[in-house]
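Have a look at the structure below, then the notes.
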Amino acid sequence: MRIKVKKPKLTQSHSSNSSTPKLTFFMCGLIGRESFHTFPYLIHSLHVDFCPLNGILRRPTLNLPGFSQPTAVDLDRAFHVSVLFSELLTGFARLVVIVRDFLIWGWVRKMRRRATEFRRPVRRRFSCWIWALLFLFSVAAFVLFAVHHNHRDEDRVEQPVLEINSRNDRLTHENRNFTEQILNARSYARQLAEQMTLAKAYVIIAKEHNNLHLAWELSSRIRSCQLLLSKAAMRDEPISLEEAEPIIKSLSSLIFKAQEAHYDIATTIMTMKSHIQALEERANTATIQGTVFGQLAAESIPKNLECINIKLTADWLQNKSLQLLADESKNSPRLVDNNLYHFCIFSDNPLAVSVVVNSTVSNAEHPKQLVFHVVTNGVKYGAMQAWFLTNDFKGATIEVQNIEEFAWLSASYSPAIKQLLDSDSRKYYFESSEDNPKFHNPKYISLLNHLRFYVPEIYPQLEKVIFLDDDVVVQKDLIPLFSLDLHGNVNGAVETCLEAFHRYYKYLNFSNPLISTKFDPQACGWAFGMNVFDLIAWRRQNVTSRYHFWMEQNKDRSIWALGTLPPGLLAFYGLTEPLDRRWHVLGLGYDLNIDNRLIETAAVVHYNGNMKPWLKVSIGRYRALWEQYVNRGHRYLQDCVTS
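Residues in the sequence shown are numbered consecutively from 99, following this note's numbering.
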């Protein structure tokens, strides 16, 4: 009996208008003996649609992050590989079907023999031949696949790659500005710059070896190169090959000539090293000079400010009505009214104090409830009085006092005055030395700077005040600070320990046992400039006596070198309430990279540092914040600035 195996009919659903590849699998007939018949048709049933243009395989667009879209070359290569693999599997499947049919035919013939027929058993070796045939077919198919794949790679990949590379070479020198050309290693501008740098080194070496002719030739080519680069920087078009080639060739020949003259790399390195060392010394010298000059600029008074002070002082001395008005304002009950909001400023700069007052009242909801207490020295007292008596600040009350009228502030009471009168201290602060010039700035021993530790003595009837430095600008209403709960502390201040150098150990000498046994070196520092002082708690804690104690301990400057912040850290230790950082933003006098968003949200910005906003050395991007509160309509200011 012959068994007939019917091949199942496989239907394919193919649409020429389909825009996406389709894989159709027919799973019928895969169970039982007839599954081998369906395998070749299963392979052929896998079909792919094609784009009518250039036979490019259509694939759905994948917008996956990190994966680039395949090119037409990639898709064409993938298609040919898939077709070859499909043909290989089809041939293998047909071979398997033939072998299977042969085995079935043998099995059927054996079953047809009679049971009584005797035959000598013969050893069959068909299985070995079958496996050998399969192996040879597999090897041949693999060789065919490899040869076909390499041929396709050469024909379809190599040529596009060459075209892309040539296109990249063309684009290297197109559509780039001058900075991009210099940064691009394959641009003509970069090649010219590198050759020019090497030529400059050989110019120096040639001069040292008295080869003046070679040095002159190199210098001439360098000037030509610089001229071409400057033209390229001014125009929109990049340097072309026609422009760069003559200079590159001439420089290359001269550099080769210099190398032939035994100006080798080792000699060049040694020469460049010596020049680098000389430049480093010059840079260090310039840095020191810059520090000294910056310190001098910070200590000096600009000519226009001195002009204003002189004119205001003359007005004060000549105008008796101003003096009478000042005497009347001293007895105003608003100066001691604790229902109002009091601010204290200690300065000898009338224009700077004017900006502080003007910015505060301009951003206050109720400026008439503000009272400003200004203390200055005897030299600037008349100018300060004349300025604030002749200008209106939205109804705010302003008191100006002379520090020389504080009879209680004497050498027997204040260690700061005692140090100022001491000959060693005067020599240390006022005479030049090879040490850091910052340590000898007289302002750090100024009594006006130390008045912040005598606020309860200066204003004995007040309960709470806000201390402001003369180099700040107020941008928000500060009245909410008066209702702030300090939790029994004396000083409300913004901490500055976001960076390591604002810890206690950076300000104080912790090798001194008096410091190391009482204070934490990692304690967080804070800043003067905008501080809320609870004068009731101050008097209760006797903070001024603490300050006097530490000033006496530091009379030999063994605990700290200079300034008022170190004694403030000691006197207010454990008595400081940290405020939100937005109340007081520092660094506008030295830091160029403060975030604009931080400045915009700040209630007070502080120009601490040498680059004060009224100096020419100030930082330009911060100067406008200060200048907007300068009264440019004042006649003295106009006369002194224009002159």
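Glycine residues also receive a C-beta, built at the ideal position from the N, C-alpha and C atoms.
Remark: three or more beta-carbon pairs, one from each stretch, lie closer than 8 Å, so the segment 461-473 and the segment 495-506 are flagged as touching.
Taking residue 319 as the centre and dropping the five residues before and after it, the same chain places the C-beta of 297, 345, 348, 349 and 352 closer than 7 Å to its C-beta, in chain order. If you look at residue 629, you'll find it isn't in any alpha helix (DSSP H); it sits in the beta strand (DSSP E) that goes 628-632. If you draw a straight line from the Cα of residue 436 to the Cα of residue 733, it comes to about 36 Å. CA-CA distance, residue 617 to residue 606, rounds to 10 Å. Following the DSSP letters along the chain, one finds residue 300 inside the alpha helix (DSSP H) bounded by residues 286-306.
The DSSP assignment places complete alpha helix (DSSP H) segments of no fewer than 4 residues inside the segment 661-702 at 663-669 and 694-699, in order along the chain.
A contact between stretches requires three or more CB pairs, one per stretch, nearer than 8 Å, and the segment 646-659 fails this requirement with the segment 563-579. Judged by DSSP in its simplified three-state form, residue 589 adopts strand. Annotation note: the segment 383-450 contains the following uninterrupted alpha helix (DSSP H) runs of length 4 or greater, listed N- to C-terminal: 401-416 and 418-427.
Around residue 569, the same chain offers 450, 627, 687, 704, 705, 706, 710 and 711 as residues with beta carbons nearer than 8 Å, after the five sequence neighbours per side are excluded. Shortest Cα-Cα distance from residue 679 to any of 662, 664, 699 and 671 involves 699. Taking the Cα of residue 304 as reference, the smallest distance to any Cα among 290, 738, 203 and 357 is reached at 357. Scanning 571, 653 and 663 for the CA closest to the CA of residue 603 turns up 663. Within the same chain, and ignoring the five residues on either side of residue 736 in sequence, the residues whose Cβ sits closer than 8 Å to its Cβ are 730.
Under the three-state reduction of DSSP, residue 516 is assigned to helix. Among the bridge pairs identified by DSSP, residue 704 is matched with 570.
Between residue 546 and residue 443, the C-beta spacing is not below 7 Å. Of the candidates 725, 670 and 187, 725 places its Cα closest to the Cα of residue 457. Spanning the alpha carbons of residue 681 and residue 600 requires a straight line of approximately 18 Å. Residue pairing by DSSP places residue 565 opposite 442 and 629 in a beta bridge.
Excluding residues up to 5 positions away in sequence, 497 lie with their Cβ nearer than 6 Å to the Cβ of residue 433 in the same chain.
With respect to the C-alpha of residue 553, the residue from 588, 291 and 701 having the closest C-alpha is 588. The residue among 373, 288, 313 and 386 with its C-alpha nearest the C-alpha of residue 338 is 288. Residue 648 carries a helical assignment under DSSP once its states are collapsed to helix, strand and coil.
In the three-state reduction of the DSSP assignment, residue 601 falls in the strand class. Close CB contacts of residue 461 within its chain, under the 7 Å cut and outside five residues either way in sequence, are with 572, 573, 574 and 575 (chain order). For residue 498, the enclosing beta strand (DSSP E) has its first and last residue at 495-500. In the DSSP annotation of this structure, residue 477 is not part of any alpha helix (DSSP H), being labelled neither H nor E. For residue 302 against residue 373, the beta-carbon gap comes to about 7 Å, under 8 Å, which counts as contact. Sequence-distant partners of residue 646 (beyond 5 residues in either direction) whose C-beta falls short of 7 Å from its own C-beta, in its chain, are 513.
Assignment of residue 469 by DSSP, reduced to helix, strand and coil, places it in the strand class. Taken through DSSP and simplified to helix, strand or coil, residue 485 comes out as helix. The residue from 407, 491, 490 and 516 with its alpha-carbon nearest to that of residue 480 is 407.
Counting other Cβ atoms within 10 Å of its Cβ, residue 718 stays below 16 and is therefore classed as exposed. With a cutoff of 7 Å on beta-carbon distance, residue 615 and residue 551 are scored as not near each other.
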